[in-house]
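*Asks:* Sequence lines, in order, name chains C and D. The first sequence: position 356 = 356 (the UniProt record's numbering), numbered continuously. The second sequence: position 318 = 318 (the UniProt record's numbering), numbered continuously. Glycine included, each C-beta is placed from N, C-alpha and C at the ideal position. Quick one: this structure, given as structure tokens, is what I'll be asking you about.
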Amino acid sequence: MIENRKYYIQIIFILVGIIFLTKLFFIQVLDSRYKLAAENNVINKVVEYPYRGLIYDRNMNIMVHNTPVYDIMVVPKEVQVEDTTKFISLFDITEEDFTERIQKAKRYSYIKQSLFYPQLSNEEFAKIQDELVSYQGFYPIARTVRKYPEPVLANGLGYIGEISKRQLTKDTLNYYQSGDFIGISGVEASYEEELRGKRGVKYKLVNVRGIEKGSFNDGAFDTLSVPGNNLVSSIDLPLQKYAEYLMQDKVGSIVAIEPSTGEILAMVSSPSYNPNDLTGRKYSSNFGRLNQDTLKPLFNRPIQAQYRPGSVFKLVQSLIALQEGVVQPSTRIVCNRGIINCHGAHTKEDLHGAIKFSCNPYFYQTFKRIIQQGKEDNMNKDARIGLNLWDDYLHKFGFGRRLGIDIPNEGKGMIPAPTYYDRYYGKDHWNFYTIYSLSIGEGELLTTPLQVANLASILANRGYFIRPHLVKGIDTPDSYLKLDFEKEEVGVNPEHFTTVVDAMAEIVEGTARVARVDGIEICGKTGTVQNKDSYDHSAFMCFAPKETPKIALSVYVENAGWGGGVAAAISGLLVEKYVKGEVSPNRAWVENYVMSKAYLNNL
Amino acid sequence: MARQDSLWNRVDWLLISIFFALVILGWLNIYAVVYDEEQVQNIFSFDLNSGKQLVFIAGSIVIIIAIMILDFKFFDSFAYYLYAGVIILLVLVLIFGTEIAGNKSWFTLGAIRLQPSEFAKFTTALALAKYFSNRTVRLDRFNEQIKASLWVLIPIGLIVLQGDVGTAMVFLSFIFVYYREGLPTFYLITGISAAVIFILTLMVNQVYLLIGLGIIGVILIGFNYKKLRNVMLIVAGVILVAGVILSVDYTVSNVLKPHQQNRLKALINPDADPLGYGWNVTQSKIAIGSGGTFGKGFLEGTQTKFDFVPEQSTDFIFCTIGEEHGWIGSLILVFLFMALMLRIVFIAERQKSNFARIYGYCVASIFFIHFGINIGMTIGLFPVAGIPLPFFSYGGSSLWSFTILLFTLIKLDAHRMQVLMR
């Protein structure tokens with residue numbers, strides 16, 4: 001019996017071998033799940049994010065580029081931190097914070113890496129780089145974020161951010177994935193398709209810590225990422241910087257346009273923010289702060305703020321009246337201050353004088369002649385025809401509608417249509433006497449600074465404008481594509497502009513002398529936007545030089561008093577800076593005058 | 001010289017061939033683990049584990065020569081002294097030992113680390129062989145069973161005190177030797193059943209196990225209902241097993257250390273925490289399973305090469321074979337180990353001296369338990385226990401201790417004809 005036991009023992013040995021081979025047959029031959037799991041283990045689909053396109057100014061100075069940031073990843077299993085105090089000082093975090101971050105990583109996985117500290121800047125990373133290598137289990141991963149060498153034009157350029165759920169569902173072509181960055185405002189948003197480039201995919205073999213160990217299948221399934229196209233902006237960086245400098249401590253906006261092309265040379269929204277604040281790690285905290293700021297730094301005033309145009313509007317009234325033939329350059333009208341108040345010493349001016357002195361009664365009468373042309377016997381019905389006609393002109397001048405600037409959220413302004421008054425007074429229960437305040441740019445009128453700058457452009461061009469825009473060309477790797485923007489005629493003959501422009505030239509010699517620049521003939525018009533309860537807004541629009549205009553602009557400074565003051569001063573400085581390249585020393589006092597004003601206190 | 005010549009002719013070349021086959025395959029396999037495509041190094045490079053393993057292999061050849069030169073009677077004569085010496089070392093290591101990975105099993109002498117429990121396998125085997133060969137041990141008697149079992153229980157106790165449950169488990173394999181030498185079958189069946197019940201309890205819901213147990217009990221009573229004594233025995237047996245089943249849960253959650261608990265949990269359901277305690281078993285099975293029928297080819301494995309499998313040069317070395325050589329490779333490996341163990345049993349059975357025969361069974365049992373636990377844990381049939389796969393796992397001490405075990409048997413076998421003349 002005992003002798004048989006040697007067989008039993010051998011049978012047990014063999015039995016175990018058979019059990020193993022059977023189990024191995026199941027997991028190796030029959031079950032394909034393990035092969036899939038193995039592939040998931042080692043084949044890492046790495047999305048190669050393309051470099052987002054750069055943005056240059058008109059002279060090919062870099063305005064926006066990409067800069068590397070470093071995410072610090074952690075593999076909890078490998079972490080060896082002997083001196084926690086020293087380690088946390090590298091990251092400027094508390095000990096509890098450190099423990100919590102490690103715990104969070106552990107909850108995700110002991111072996112796989114997860115994010116420990118996001119988006120260290122190049123400088124921050126350089127500081128800790130040498131120290132970091134002595135701590136096991138921490139790995140830096142490089143990514144890029146937007147960087148603005150000059151912190152200007154924040155609202156115009158816009159910012160990028162993580163794509164929202166709503167945008168993802170709208171993306172029917174499935175270009176985007178959760179976590180992708182997308183242009184949210186400004187140029188970043190409107191030129192998103194040019195800037196974003198094309199994502200590439202690489203299938204890489206990785207080891208257990210996600211460290212690359214070569215390409216899968218020799219890269220047969222890989223696609224290269226294609227960098228985004230670079231944009232050439234119309235902005236003149238020195239002018240933009242100077243304009244923002246002048247607007248310090250003021251609320252308002254500046255728009256400067258090259259009249260012949262519609263290219264925006266400078267666009268200031270004040271107060272603004274440093275665009276670098278809305279990149280990288282501090283995006284959300286900074287965004288929250290900016291969003292709650294009572295001065296609304298995220299509000300893009302040049303295209304979104306709407307003011308009553310005031311006296312600036314008298315230029316438009318003149319042109320319409322001349323085109324309609326209801327007023328001649330020589331037409332004199334008594335300055336009857338009984339119907340509407342006026343200012344300055346004058347009694348009975350022709351059109352030239354009326355513009356120069358900004359004579360309210362003159363334009364009261366002019367507007368009346370436009371509105372009440374006597375085409376109908378019923379005065380109310382006649383006013384309706386007149387207002388429709390007037391509205392058509394204004395529409396052509398770019399008022400009451402979006403000009404179509406190439407960034408989102410442009411405001412329309414407000415030009416009241418007959419139906420608007422119908423609603424208030426009943427159909428045909430109104431006429432010129434109801435709406436006369438429109439004649440001097442008050443009443444229900446609202447215009448944006450962009451529209452007013454565009455008006456300056458129309459005057460400079462004597463009758464047309466080109467749609468204002470911030471981007472003039474797209475620089476692809478193999479070609480430069482110049483963007484075309486349509487030209488729009490305003491329907492006023494060029495000869496009618498002579499009187500108006502001549503009068504504007506004299507304004508700078510008179511009421512707005514502060515804007516005068518030696519050697520440059522500036523044609524301008526002050527505008528004072530009256531406010532009931534606080535200081536008036538100072539507004540000024542101009543173009544220069546008179547004969548071969550290079551720049552047209554509008555300046556709005558809120559609560560800064562009358563138009564011939566700060567706004568005119570800023571305009572003059574900007575014209576000089578742009579046309580001559582710098583402000584002459586003998587006009588340093590103007591700059592000092594502008595810089596001494598901090599109208600934020602007037603709010 | 002004539003004597004040397006005859007020794008050359010008398011050694012068992014089949015067993016030696018199996019030994020070299022395993023050692024060389026193991027060496028190539030260690031190279032496959034450390035192989036790095038981006039930085040290809042020679043298999044002989046001493047920077048790599050494969051180069052170091054080659055040194056260990058050279059060392060084991062020196063050991064082989066030494067064993068062959070020794071007088072074969074040395075092992076018999078010095079068995080107790082060697083055993084006693086190692087037991088002393090096992091005690092001393094508890095006091096003076098260095099703790100590594102929670103186990104206080106090592107002596108550190110400068111650069112050299114010595115693990116007395118590795119040698120305890122060999123000396124216990126010798127001592128058992130001598131104990132059983134010197135007298136007629138009546139293993140059917142309870143007091144003799146107790147006495148005989150002390151040879152094994154003492155080292156087990158000391159090694160468990162070190163915290164090294166894996167190595168202690170190896171000594172349980174000597175139950176085959178006791179069985180071969182007359183221990184009642186009941187013990188072997190009980191032992192194996194206990195192990196099976198323990199693992200089943202972990203993997204199957206207790207309720208189903210108890211129902212199954214009840215059914216088996218009723219059937220057995222059905223066959224034996226005429227003998228009251230048998231019925232009582234069966235009822236007692238059923239209650240005992242039910243108690244074991246119920247107590248396993250308590251043992252797992254209250255007696256075992258957390259890392260041991262996790263090893264058991266990983267066996268039951270590695271998917272519950274595949275990135276945590278289930279990682280080893282999950283990744284090990286993925287590596288082996290991804291090999292398919294024919295494997296990915298030598299040096300082509302990705303799971304092992306990229307460190308997904310833990311302890312891949314040592315305890316989980318089988319993963320590399322499974323991944324790179326597939327089921328066919330695993331089959332060859334299992335066949336080689338079967339051949340090794342069956343050949344050892346064959347050799348043991350042809351011995352004229354009891355000492356050599358019993359020693360042979362000890363060797364077979366040790367190889368069997370290492371093979372069984374190591375492969376079992378990599379494919380999820382056994383909890384993770386840190387014991388090496390003979391001749392494959394990287395490391396000098398394990399290679400040398402298995403070489404000593406095996407070649408002492410070959411030496412004894414070569415002299416089997418001389419025993420009669422004594």
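Can you tell me whether Leu-246 (chain D) is buried or exposed? The criterion is at least 16 other CB atoms within 10 Å of its CB, across all chains shown.
*Replies:* On the second sequence, residue 246 (chain D) is found 246 positions in, with the first residue counted as 1. Leu-246 (chain D) should be labelled exposed.
*Asks:* Starting from the C-beta of Lys-52 (chain D), find all residues in its chain whose C-beta is less than 7 Å away, skip the five residues before and the five after it, and write them out in chain order.
*Replies:* The sequence position of residue 52 (chain D) within the second sequence is 52, counting from 1. The answer, listed in chain order, is Phe-46.
*Asks:* Check the Cβ-Cβ distances between Met-1 (chain D) and every residue of chain C, and say whether any is below 8 Å.
*Replies:* Translated into the one-based positions of the second sequence, residue 1 (chain D) becomes position 1. No answer about Met-1 (chain D) holds up, because its pLDDT of 41 lies below 50 and its placement is not dependable.
*Asks:* In the structure shown, what three-state DSSP assignment does Tyr-139 (chain C) receive?
*Replies:* By 1-based counting over the first sequence, the position of residue 139 (chain C) is 139. It is a strand residue.
*Asks:* Do you know how far the Cα of Lys-198 (chain C) is from the Cα of Ile-182 (chain C)?
*Replies:* Residue mapping note: residue 182 (chain C) aligns to position 182 of the first sequence, counting from 1. Residue mapping note: residue 198 (chain C) aligns to position 198 of the first sequence, counting from 1. Between Ile-182 (chain C) and Lys-198 (chain C), the C-alpha separation is close to 13 Å.
*Asks:* Please name the residue, chosen from C:Met-267, C:Phe-125, C:Thr-548, C:Lys-147, that lies closest to Val-579 (chain C) on a Cα-to-Cα basis.
*Replies:* In the first sequence, residue 579 (chain C) corresponds to position 579, counting from 1. That would be C:Thr-548, whose Cα lies nearest to the Cα of Val-579 (chain C).
*Asks:* Under DSSP, the alpha helix (DSSP H) around Leu-322 (chain C) begins and ends at which residues?
*Replies:* Sequence index remark: in the first sequence, residue 322 (chain C) carries index 322 (1-based). Where Leu-322 (chain C) is concerned, the enclosing alpha helix (DSSP H) starts and stops at 313-324.
*Asks:* Check whether chain C comes within 8 Å of Tyr-31 (chain D), counting only Cβ atoms and requiring the distance to be less than that.
*Replies:* Translated into the one-based positions of the second sequence, residue 31 (chain D) becomes position 31. No, its Cβ sits nowhere closer than 8 Å to a Cβ of chain C.
*Asks:* For the region 420-434 of chain C against the region 375-383 of chain C, do three or more pairs of beta-carbon atoms, one drawn from each stretch, fall closer than 8 Å, so that the two count as touching?
*Replies:* yes
*Asks:* Using alpha carbons as the reference points, say which of C:Phe-26, C:Ser-554, C:Glu-582 lies closest to Ile-288 (chain D).
*Replies:* Counting from one through the second sequence, the residue named residue 288 (chain D) turns up at place 288. Of the listed residues, the one whose Cα sits closest to Ile-288 (chain D) is C:Phe-26.
*Asks:* Can you confirm whether Phe-303 (chain D), when its beta carbon is compared against all beta carbons of chain C, has any partner nearer than 8 Å?
*Replies:* If you number the second sequence from 1, residue 303 (chain D) lands on position 303. This sequence places Gln at residue 303 (chain D); Phe is not what is there. Closer than 8 Å: yes.
*Asks:* Taking Cβ-Cβ distances shorter than 9 Å, what residues in chain C pair up with residue 425 (chain D)?
*Replies:* Nothing in the structure corresponds to residue 425 (chain D), since chain D is present only between 1 and 422.
*Asks:* Could you list which residues in chain D have their beta carbon closer than 8 Å to that of Phe-13 (chain C), in chain order?
*Replies:* In the first sequence, residue 13 (chain C) corresponds to position 13, counting from 1. Scanning chain D for C-beta atoms nearer than 8 Å to the C-beta of Phe-13 (chain C) yields Met-338, Met-341, Leu-342, Val-345, Ala-364, Phe-368, reported in chain order.
*Asks:* Which runs of the beta strand (DSSP E), 3 residues or longer, sit entirely within the region 141-168 of chain C?
*Replies:* Segments of the beta strand (DSSP E) lying fully in the region 141-168 of chain C: 160-162.
*Asks:* Tell me, which residues are paired with Tyr-117 (chain C) by DSSP?
*Replies:* On the first sequence, position 117 is the one that residue 117 (chain C) refers to. Paired residues: C:Ile-72.
*Asks:* Near Leu-7 (chain D), which residues of its chain fall below 6 Å by C-beta distance, leaving aside the five closest residues on each side in sequence?
*Replies:* For the purposes of this step, residue 7 (chain D) is identified with residue 7 of the second sequence, where counting begins at 1. These residues qualify, in order along the chain: Ala-414.
*Asks:* To the nearest angstrom, report how far apart Glu-324 (chain D) and Phe-402 (chain D) are at their CA atoms.
*Replies:* By 1-based counting over the second sequence, the position of residue 324 (chain D) is 324. By 1-based counting over the second sequence, the position of residue 402 (chain D) is 402. When rounded, the distance between both Cα atoms is 25 Å.
*Asks:* Output yes if chain D places a C-beta closer than 8 Å to the C-beta of Val-69 (chain C); else output no.
*Replies:* Against the first sequence, residue 69 (chain C) aligns to sequence position 69. Chain D, which has no Cβ nearer than 8 Å to the Cβ of Val-69 (chain C), makes this no.
*Asks:* With respect to the beta strand (DSSP E) encompassing Ile-474 (chain C), which residues constitute its N-terminal and C-terminal limits?
*Replies:* The residue given as residue 474 (chain C) occupies position 474 in the first sequence. It spans 471-476 - the beta strand (DSSP E) in which Ile-474 (chain C) sits, taken as one unbroken run.
*Asks:* Kindly indicate which three-state DSSP category Leu-481 (chain C) falls into: helix, strand or coil?
*Replies:* The sequence position of residue 481 (chain C) within the first sequence is 481, counting from 1. Leu-481 (chain C): strand per DSSP, three-state reduction.
*Asks:* Return the chain-ordered list of same chain residues with a C-beta closer than 8 Å to the C-beta of Val-91 (chain D), the five sequence neighbours on each side being excluded.
*Replies:* Residue mapping note: residue 91 (chain D) aligns to position 91 of the second sequence, counting from 1. Apart from sequence neighbours up to five positions away, the residues of its chain that approach Val-91 (chain D) with a beta-carbon distance below 8 Å are Leu-158, ordered along the chain.
*Asks:* Would you be able to state if there are at least three C-beta pairs under 8 Å between the region 38-55 of chain C and the region 223-234 of chain C?
*Replies:* yes
*Asks:* CA-CA distance, Leu-256 (chain D) and Leu-139 (chain D)?
*Replies:* For the purposes of this step, residue 256 (chain D) is taken as residue 256 along the second sequence, with counting starting at 1. For the purposes of this step, residue 139 (chain D) is taken as residue 139 along the second sequence, with counting starting at 1. Computed Cα separation, rounded: 32 Å.
*Asks:* Could you please give the first and the last residue of the uninterrupted alpha helix (DSSP H) stretch that includes Ile-520 (chain C)?
*Replies:* Reading the first sequence from its first residue, position 520 is the one you call residue 520 (chain C). Taken as a continuous stretch (DSSP letters only), Ile-520 (chain C) belongs to no alpha helix (DSSP H), as it is neither H nor E.
*Asks:* Could you spell out the range, first to last residue, of the alpha helix (DSSP H) harbouring residue 425 (chain D)?
*Replies:* Because chain D in this structure spans residues 1 to 422, residue 425 (chain D) falls outside the shown range and cannot be described.
*Asks:* Quick check on Phe-87 (chain C): buried or exposed, where buried means 16 or more other Cβ atoms within 10 Å of its Cβ?
*Replies:* Translated into positions along the first sequence, residue 87 (chain C) becomes position 87. Its Cβ being crowded by 16 or more others within 10 Å, Phe-87 (chain C) is buried.
*Asks:* Is DSSP giving Arg-422 (chain D) helix, strand or coil here?
*Replies:* Sequence index remark: in the second sequence, residue 422 (chain D) carries index 422 (1-based). Note that Arg-422 (chain D) scores 46 on pLDDT, short of 50, meaning its location in the model is unreliable; the coordinates nonetheless yield the value given after this. Coil, per DSSP.
*Asks:* So, at 6 Å on beta carbons, what are the nonlocal neighbours of Leu-446 (chain C) in its own chain, with the 5 sequence-adjacent residues on each side left out?
*Replies:* The residue given as residue 446 (chain C) occupies position 446 in the first sequence. Correct list, in chain order: Gln-306, Gly-413, Met-414.
*Asks:* Would residue 638 (chain C) count as contacting chain D if we go by Cβ distances under 8 Å?
*Replies:* The structure shown does not extend to residue 638 (chain C), since chain C is modelled only from 1 through 603, so no value can be given for it.
*Asks:* Counting C-beta neighbours from all protein chains within 10 Å, is the total for Gln-119 (chain C) 16 or more, i.e. buried, or is it exposed?
*Replies:* The residue labelled residue 119 (chain C) in the question sits at position 119 within the first sequence. Buried, since its Cβ has 16 or more Cβ neighbours within 10 Å.
*Asks:* State yes or no: is the C-beta of Ala-24 (chain D) within less than 8 Å of the C-beta of Asn-49 (chain D)?
*Replies:* Locating residue 24 (chain D) in the second sequence gives position 24, where the first residue counts as 1. Locating residue 49 (chain D) in the second sequence gives position 49, where the first residue counts as 1. Correcting the residue type first, residue 24 (chain D) is Ile in the shown sequence and not Ala. Taking 8 Å as the Cβ cut-off, Ile-24 (chain D) and Asn-49 (chain D) do not qualify as a contacting pair.
*Asks:* Tell me the rounded alpha-carbon separation between Lys-482 (chain C) and Glu-194 (chain C).
*Replies:* The residue labelled residue 482 (chain C) in the question sits at position 482 within the first sequence. The residue labelled residue 194 (chain C) in the question sits at position 194 within the first sequence. Each residue's Cα considered, the two are about 13 Å apart.
*Asks:* For Ser-554 (chain C), which beta-bridge partners are listed by DSSP?
*Replies:* As a first step, residue 554 (chain C) must be located in the first sequence, where it is residue number 554. Ser-554 (chain C) is bridged to C:Val-255, C:Met-541.
*Asks:* Less than 8 Å separating the beta-carbons of Ile-254 (chain C) and Leu-459 (chain C)?
*Replies:* Position 254 of the first sequence, counted from the start, is the residue given in the question as residue 254 (chain C). Position 459 of the first sequence, counted from the start, is the residue given in the question as residue 459 (chain C). Cβ distance not < 8 Å, so Ile-254 (chain C) and Leu-459 (chain C) don't count as in contact.
*Asks:* Just to make sure I have the definition right: I need the residues of chain D whose C-beta is within less than 7 Å of the C-beta of Arg-5 (chain C). Which are they?
*Replies:* On the first sequence, position 5 is the one that residue 5 (chain C) refers to. Here the neighbours are Tyr-179, Arg-180.
*Asks:* Quick one: residues in its chain with C-beta nearer than 7 Å to the C-beta of Val-241 (chain D), no 5 flanking neighbours on either side, listed in chain order?
*Replies:* For the purposes of this step, residue 241 (chain D) is taken as residue 241 along the second sequence, with counting starting at 1. Here the set comprises Ile-197, Leu-213.
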